[in-house]
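Numbering (the UniProt record's numbering), first residue to last: 1 to 546.
Glycine included, every Cβ here is placed at the ideal spot set by N, Cα and C.
Since we're looking at a predicted model, the values are computed, not measured.
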């Protein structure tokens, strides 16, 4: 600012300086010996021009300086506001975290005190574990929901007693032996299904009879009013079946944490008899299974085998019949554990042979790794054989109106699906050193480029309808009623090109689907109308094996 004021002072003194210069010039002119061609008028105009130019430039610089200072002030205010907002947000977050931490610590402290008191006051002959369990769940209010994101609240405490529960209603439903309510609770919390599934074994521990509760939950697995074919289209029924399988799996997890005597009392002879009756009712229905069973993703076969494994009644059924069911569930991640539980591990080489003979090499590779049979069944050889079969050009009988390239398009689509499945299998089992994926990736890019080129060529080759002449007269005047002309044209287009033909999504051919394993990153797929059960978030069956 001092420099600006000094410049302004100097510019204000310009006039006086010019006057002094005028006097000096006049005195010089009076003493001149030779006449000067330069006139004072010219000098005065020159200096006045310089003065105006300097003042104008100085004014512009002042305006720019003020504008810059204004922007600086505004920027400082914005930064201050943002800083204040960040500080406020951090403070609120810290307060919230502190409150949640205090609540979690308080809940754990109270639970530990209850547990200690129950151990000190237990009557003679009572087991500490059972006393501790009952006190934990009785002392906790039903409306208490601790911190959701705290890992400690989802872990069992000592002796298998759960100290903090995220879903107290789940415990209450198990204590009340409410199987229908349990189904509804799992459906309502399908978005947090992973957390719910972690807590179901501990919640089942609080039930009066966990085995009977799980058996009660199996009601409605085969509704009498729904046929086998219609069941595949019923989203609610599919969700119910998945819940039944999950509950049997959770009961198996609970049984592994109990002592042998406790398991014997929980899975009593009467319970086994009831489970056997259900299995005998289900078994004949397996003969009516559709293509899903052949694809290795049958919920019905999985539920039947899980029922036998959970309740230990597999010895009541023919092992050969059970062996034949394994290919029906080969794509499900629980297959390996099921086979071990059912005592079918020694039969796995035969299962793998069946899968290979049916063109399901990916499933064969997964089972070979699961049962350490890769020395008998080379994964690389199986994958290469799978790709060779997928690349074979079939010659299906086509209708006379079908384009000649339809068969080749189907083969290319089959190759794309097979290549992606093989790459996923290689990555899952870390076979890159034995089977490099770069050539496979290049082949995928080539097929996708060919597919895109054919699609563009097809779009260009589509016939364009001719505009109808007015009144169907050869050289007559064009009709002036534009609205009616447009309606006529639209109706003709609708007749020639029905819209529904182009609205249907592309469906992969049957053989391609047969070879695509469920571990390609896909979960259960449900139609949009599935309102009550497990949309795409039902992850407990998401991938095979890993």
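If you check the CB distance, residue 211 and residue 251 come in under 8 angstroms. By the neighbour-count criterion, in which 16 or more other beta carbons inside 10 Å mark a residue as buried, residue 82 falls on the exposed side. Straight-line spacing of the CA atoms in residue 260 and residue 387 works out to 49 angstroms. Rounded to the nearest angstrom, the gap between the Cα atoms of residue 173 and residue 182 is 6 angstroms.
Between residue 246 and residue 197 a beta carbon distance of about 6 angstroms is seen, short of the 8 angstroms cut, so the two are scored as contacting. Residue 311 is a Cβ neighbour of residue 272, given a cutoff of 8 angstroms. Going by DSSP, residue 245 is part of the alpha helix (DSSP H) stretching over 235-256. Under a 10 Å Cβ-count criterion, residue 78 is classified as exposed, with fewer than 16 other Cβ atoms of the shown protein chains found around its own Cβ. Only residues of its own chain outside the window of five on either side were considered, and among them 179, 182, 183, 244, 247 have a CB closer than 7 angstroms to the CB of residue 217, listed in chain order.
By the CB criterion at 8 angstroms, residue 383 and residue 437 fall outside the cutoff. A Cβ-Cβ separation of about 7 angstroms places residue 444 in contact with residue 420 under the 8 angstroms criterion.
Residue range 438-460 is occupied by the alpha helix (DSSP H) that includes residue 456.
Burial state of residue 457 is exposed, judged by a 10 Å Cβ sphere holding fewer than 16 other Cβ atoms. Around the beta carbon of residue 348, 16 or more other beta carbons lie within 10 angstroms, which makes this residue buried. Per DSSP, the continuous alpha helix (DSSP H) segment holding residue 20 begins and ends at 14-30. Residue 429 holds the alpha-carbon nearest to the alpha-carbon of residue 372 among 295, 429, 29, 354. Residue 255 is positioned such that its CB atom lies no closer than 8 angstroms to that of residue 203. Distance from residue 304 to residue 289 at the Cβ level is roughly 10 angstroms; contact not present, criterion being Cβ atoms closer than 8 angstroms. With fewer than 16 other CB atoms across the displayed protein chains lying within 10 angstroms of its CB, residue 72 is exposed. Per DSSP, the unbroken alpha helix (DSSP H) holding residue 272 starts and ends at 269-282. Under the DSSP assignment, residue 176 falls outside any alpha helix (DSSP H); it carries neither an H nor an E label.
A check of alpha carbon separations from residue 228 across 242, 209, 299 identifies 299 as the nearest. Collapsing the DSSP output to three states places residue 48 in a helix. By the neighbour-count criterion, in which a residue is buried when 16 or more other Cβ atoms sit within 10 angstroms of its Cβ, residue 70 is exposed. For residue 389, the uninterrupted alpha helix (DSSP H) run begins and ends at 379-391, by DSSP. Residue environment: residue 460 is assigned as exposed (fewer than 16 neighbouring CB atoms within 10 Å of its CB, all protein chains considered). With respect to residue 317, residue 308 sits close: the two C-beta atoms are nearer than 8 angstroms. Following the DSSP letters along the chain, one finds residue 334 in no alpha helix (DSSP H), marked with neither H nor E. Residue range 361-370 is occupied by the alpha helix (DSSP H) that includes residue 363.
In the DSSP assignment, residue 232 falls outside any alpha helix (DSSP H), carrying neither H nor E. Residues of the same chain with their beta carbon placed closer than 8 angstroms to that of residue 262 are lacking, with the five preceding and five following residues left out of the count.
If the five residues before and after residue 451 are omitted, its C-beta is found closer than 7 angstroms to the C-beta atoms of 412, all from its own chain and listed in chain order. Rounded to whole angstroms, the separation of the alpha carbons of residue 109 and residue 91 is 27 angstroms. Of the candidates 88, 5, 44, the residue whose Cα lies closest to the Cα of residue 62 is 5. Contact check for residue 353 and residue 331: beta-carbon distance about 17 angstroms, past the 8 angstroms limit, so the pair fails to qualify. Rounded to the nearest whole angstrom, the C-alpha separation of residue 365 and residue 328 is 16 angstroms.
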